[in-house]
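Numbering (UniProt numbering), first residue to last: 1 to 316.
For each residue, glycine too, the CB sits at the ideal point set by N, CA and C.
Remember, it's a predicted structure, so these values are computed and weren't measured experimentally.
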């Protein structure tokens, strides 16, 4: 089968399109034909060598959509069933979705029925599930204001669409590049502000903040909450994984709240509810950019460029 193999850490040039043996099914696992997969910033971090637990060579890819080919769970995962999969150490502890076929633990595969194309479906699993779970933690109510910090990312764009479906809220995006303002407004945001040197405009306040930049800006985001407001952290776009000398009593303003959402804890009912929300509100989940498997280097280059916007998908 064709696959993208990373033999050692590095830039996009280490993504090698080559032939590798098709995996053989083992007890508790299923072989799926990967029709498409989303490309994520976490995969770029792993490619760069910033995931210490990952051993090379490795086929990256933390999410995929496709069909069951061979399975050890014929009742839940019949041959030909459309499935989605994401997280669960996929592309890290074991080979992931950057290939024509992938061997996945049965419990990490979720059967679905959908009319979405493969490319559109591939834009959903990790990105929309992350956005939806984080927005649930914000407990959105009609009339509130929501800031999405890191609005041009795939999760950011998904959050704008989902937030409007979940409540009658005003959604503002932050971006380091105001040249993307029109794209953000077209994607569903109501307003756009400049995020200059990890600082939102002075004096701006919001009822809820979805924090996608991560630890780098969480303390600053807390200072932009209205009383009773919530920051929900779920991204690490800033490349900083933790906080040093974070003293909650002084850093979290009184009567404001900090929570987080980890998409690795997959709740199948939440996933079903997400797809129902997408269907019932006819949400446009089309990816911003689609590449072929052979173009994986170009996909990574685009994701890491200043032109990157929204979700990037690679089809087989």
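Asked                                                                                                                                                                                              : Found
When the Cα atoms are used, what is the spatial distance from residue 185 to residue 140?                                                                                                          : 20 Å
Which residues does DSSP list as the beta-bridge partners of residue 29?                                                                                                                           : 105
Quick check: the Cα distance between residue 84 and residue 102, rounded to an integer number of angstroms?                                                                                        : 12 Å
Near residue 199, which residues of its chain fall below 7 Å by C-beta distance, leaving aside the five closest residues on each side in sequence?                                                 : 220
Spatial neighbours of residue 66 within its chain, please: C-beta separation below 6 Å, excluding the five flanking residues on both sides.                                                        : 32, 33, 34 and 35
Can you check DSSP and say which residues form a bridge with residue 276?                                                                                                                          : According to DSSP, residue 276 bridges with nothing at all.
Determine the direct distance from the alpha carbon of residue 271 to that of residue 281, and round the result to whole angstroms.                                                                : 16 Å
For residue 22, does the three-state DSSP call read helix, strand or coil?                                                                                                                         : coil
Helix, strand or coil for residue 127? Go by DSSP, reduced to three states.                                                                                                                        : helix
For the alpha helix (DSSP H) holding residue 259, just list the boundary residues, first then last.                                                                                                : Looking at the DSSP string, residue 259 is not in any alpha helix (DSSP H); the run it does join, the beta strand (DSSP E), is 257-260.
Where do the N-terminal and C-terminal ends of the alpha helix (DSSP H) with residue 120 fall, by residue?                                                                                         : 118-122
How about the stretch 146-156 and the stretch 174-190: do they share at least three Cβ pairs that are nearer than 8 Å?                                                                             : yes
Please list the segments of the beta strand (DSSP E) lying wholly inside the stretch 191-217, counting only runs of 3 or more residues, in order along the chain.                                  : 191-194 and 206-211
In chain order, what residues of the same chain have a beta carbon less than 7 Å from the beta carbon of residue 180, not counting five sequence neighbours either side?                           : 152 and 309
Tell me whether residue 37 sits in a helix, a strand or coil according to DSSP, three-state version.                                                                                               : strand
Mind checking whether residue 82 and residue 114 have CB atoms under 8 Å apart?                                                                                                                    : yes
How big is the Cα-Cα spacing for residue 223 and residue 286?                                                                                                                                      : 34 Å
Closest to residue 47 by C-alpha separation, out of 300, 311 and 307, would be which residue?                                                                                                      : 300
Which of helix, strand or coil does DSSP assign to residue 309?                                                                                                                                    : coil
State whether the stretch 256-267 contacts the stretch 225-233, with contact taken as three or more CB pairs (one from each stretch) at a distance under 8 Å.                                      : yes
Does DSSP classify residue 166 as helix, strand or coil?                                                                                                                                           : helix
Using the C-alpha atoms, what's the distance from residue 132 back to residue 162?                                                                                                                 : 7 Å
Start and end of the alpha helix (DSSP H) containing residue 115?                                                                                                                                  : Note, residue 115: premise wrong, no alpha helix (DSSP H); not H, not E.
Three-state secondary structure (DSSP) at residue 110?                                                                                                                                             : strand
Please go through the same chain and pick out, in chain order, the residues whose beta-carbon is closer than 7 Å to the beta-carbon of residue 156, but skip the five residues on each side of it. : 148, 150, 173 and 212
Measuring straight from C-alpha to C-alpha, what distance separates residue 226 and residue 99?                                                                                                    : 46 Å
Check this for me: beta carbons of residue 194 and residue 214, under 8 Å apart or not?                                                                                                            : no
Roughly how far, in whole angstroms, is the beta-carbon of residue 77 from the beta-carbon of residue 30, given that I think they are within contact range, below 8 Å?                             : 5 Å
What does the alpha-carbon distance come out to for the pair residue 5 and residue 13?                                                                                                             : 11 Å
Can you check the stretch 137-190 for any beta strand (DSSP E) of at least 3 residues that lies completely inside it and give the ranges in chain order?                                           : 145-149 and 170-175
In whole angstroms, give me the CA-to-CA distance for residue 20 and residue 283.                                                                                                                  : 37 Å
So is residue 202 buried or exposed if we call it buried at 16+ other beta carbons inside 10 Å?                                                                                                    : exposed
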